[in-house]
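Numbering (our numbering), first residue to last: 15 to 295.
Idealized CB from N, CA, C, for every residue including glycine.
Just so it is clear, the structure is predicted and the values come from calculations on it, not from any experiment.
Heads up: the structure comes next, in structure tokens.
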Amino acid sequence: MSFWRNLVGKFANLVGPKEQLDWEALLVESDLGINLSQKLYALLDKEKLLGKTELAEKRIKKELLNILQDRKPPLPAGKPGVILLVGVNGGGKTTSAAKLAYRFKGEGKKVFLAACDTFRAAAIEQLKILADRLEVPVVLGKEGADAASVAFRSFGQALEAQADYLIVDTAGRQANKKNLMMELGKIKRTLEKVSGQIPLFILLVVDGTSGSNVLVQAREFNETLGLAGMIVTKLDSSAKGGMVAAVKYEVGIPTYFLGRGETLDSLEEFNPEKFVEEFFS
Ligand SMILES: Nc1nc2c(ncn2[C@@H]2O[C@H](COP(=O)(O)OP(=O)(O)OP(=O)(O)O)[C@@H](O)[C@H]2O)c(=O)[nH]1
Ligand SMILES: [Mg+2]
């Protein structure tokens with residue numbers, strides 16, 4: 015049974031017949047966040063749709079599309095356009111860096127990768143292996159090296175090679191760790207300084223199975239760094255990514271890509287219509 019139907023079943027069982035669905039609980043459970051869930055609930059209530067499951071679903075669909083369909087800035091176009099991937103540990107930054115490289119390369123673009131996770135030798139090695147497999151140049155730093163200086167060096171090389179994109183992988187960190195966030199701030203300022211007019215594109219990579227915590231992450235990283243958007247990974251699981259709408263509604267940050275697996279070709283461009291259809295399927 016699908017995710018949504020499962021939930022409908024669950025909350026219908028709790029309160030009896032389907033007509034008495036506990037909509038608010040259902041929406042919160044779908045990772046839409048408390049505020050958006052309450053807004054949607056109020057809407058159904060006002061329009062007297064709470065007892066009409068199908069019409070109510072239609073109404074929610076329309077509202078979610080409204081929230082998700084805003085025009086968003088395109089990925090940076092420059093030589094190179096710089097994409098900086100940030101986020102908490104294990105969200106999928108390194109994997110997504112490789113998936114982005116694979117995608118851009120497939121579009122005939124010249125790509126550079128930068129391994130600015132200099133905390134662990136294994137992290138540097140992970141990106142190197144992926145880059146080798148992709149046959150994409152990667153700029154590496156030594157373990158313990160200053161990540162901003164690796165970023166600086168990678169920009170220089172990507173610029174000289176006239177690359178279309180420079181994708182910068184960083185170490186995972188919690189946003190409440192001040193010194194680690196300062197390090198990211200330094201990488202950001204360094205890249206902004208060298209890339210001049212072309213805006214730096216900072217994407218937050220989040221694990222789609224981590225539920226409402228994504229909202230907290232988006233708010234915190236956005237406050238410190240200013241985010242262009244999100245990549246939501248691991249949506250090949252049972253999670254449907256309700257937080258995509260929650261983050262757009264509450265933080266105003268759009269989602270650019272969805273990760274749907276561990277293979278290089280499993281990064282999908284975010285499409286609001288498809289997303290909303292799948293959410294209810
Ligand atoms: N199923 C699935 N697994 C994923 C997806 N994206 C990443 N993963 C897996 O999640 C794990 C962590 O991915 P990484 O890319 O190493 O995460 P990271 O954010 O770089 O982690 P740190 O560098 O430790 O912060 C790996 O086992 C990946 O294969 C996805 O879309 N679907
Ligand atoms: Mg990593």
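Tell me whether residue i counts as near ligand 2, meaning its Cβ is closer than 8 Å to at least one heavy atom of that ligand.
| i | result |
| --- | --- |
| Gly186 | yes |
| Thr108 | yes |
| Ala137 | yes |
| Asp221 | no |
| Asp36 | no |
Compare the beta carbon distance of residue i and residue j with 9 Å and say whether it is the shorter of the two.
| i | j | result |
| --- | --- | --- |
| Gly225 | Asp45 | yes |
| Leu217 | Glu206 | no |
| Val290 | Leu69 | no |
| Ile181 | Ala111 | yes |
| Phe118 | Asp59 | no |
| Ile81 | Ala242 | no |
| Asp146 | Val152 | yes |
| Ser251 | Lys113 | no |
| Gly256 | Phe293 | yes |
| Gly106 | Val230 | no |
| Leu148 | Thr108 | no |
| Gly186 | Gly275 | no |
Ends of the beta strand (DSSP E) at residue i?
| i | result |
| --- | --- |
| Ala128 | Val125 to Cys130 |
| Asp146 | Element bounds for Asp146: not the beta strand (DSSP E) but the alpha helix (DSSP H), Ala135 to Leu148. |
| Ile216 | Phe215 to Asp221 |
| Phe271 | Thr269 to Gly273 |
| Glu282 | Leu281 to Glu283 |
| Leu154 | Val152 to Leu154 |
Could you check where the alpha helix (DSSP H) with residue i kicks off and where it finishes?
| i | result |
| --- | --- |
| Ile201 | Lys192 to Ser209 |
| Ile245 | Element bounds for Ile245: not the alpha helix (DSSP H) but the beta strand (DSSP E), Gly243 to Thr247. |
| Leu239 | Asn227 to Leu239 |
| Leu57 | Ile48 to Lys60 |
| Leu278 | Run containing Leu278: none; DSSP gives neither H nor E here. |
| Glu121 | Careful: Glu121 lies outside any alpha helix (DSSP H) and carries neither H nor E. |
| Gly253 | As written in the sequence, residue 253 is Ala, which differs from the Gly given in the question. Counting along the chain, Ala253 falls outside any alpha helix (DSSP H), and DSSP gives it neither H nor E. |
| Leu41 | Trp37 to Glu43 |
Counting only C-beta atoms, is residue i closer than 9 Å to chain C at any point?
| i | result |
| --- | --- |
| Ile97 | The structure shown contains no chain C; it is built from a single protein chain. |
Just to check, is the beta-carbon of residue i closer than 8 Å to a non-hydrogen atom of ligand 1?
| i | result |
| --- | --- |
| Glu197 | no |
| Ser252 | no |
| Lys123 | no |
| Lys142 | no |
| Glu43 | no |
| Asp183 | yes |
| Ser280 | yes |
| Glu276 | yes |
| Asp84 | no |
| Lys248 | yes |
| Gly104 | yes |
Minimum length 4: unbroken alpha helix (DSSP H) runs contained in the segment 62-115: 67-82
Length at least 4, wholly inside the segment 158-190: the alpha helix (DSSP H) runs in chain order: 161-174
Stretch-stretch touch, CB-based, cutoff 8 Å, three pairs: the segment 85-96 with the segment 162-174: yes
Contact the segment 128-140 vs the segment 156-166: 3+ CB pairs below 8 Å: yes
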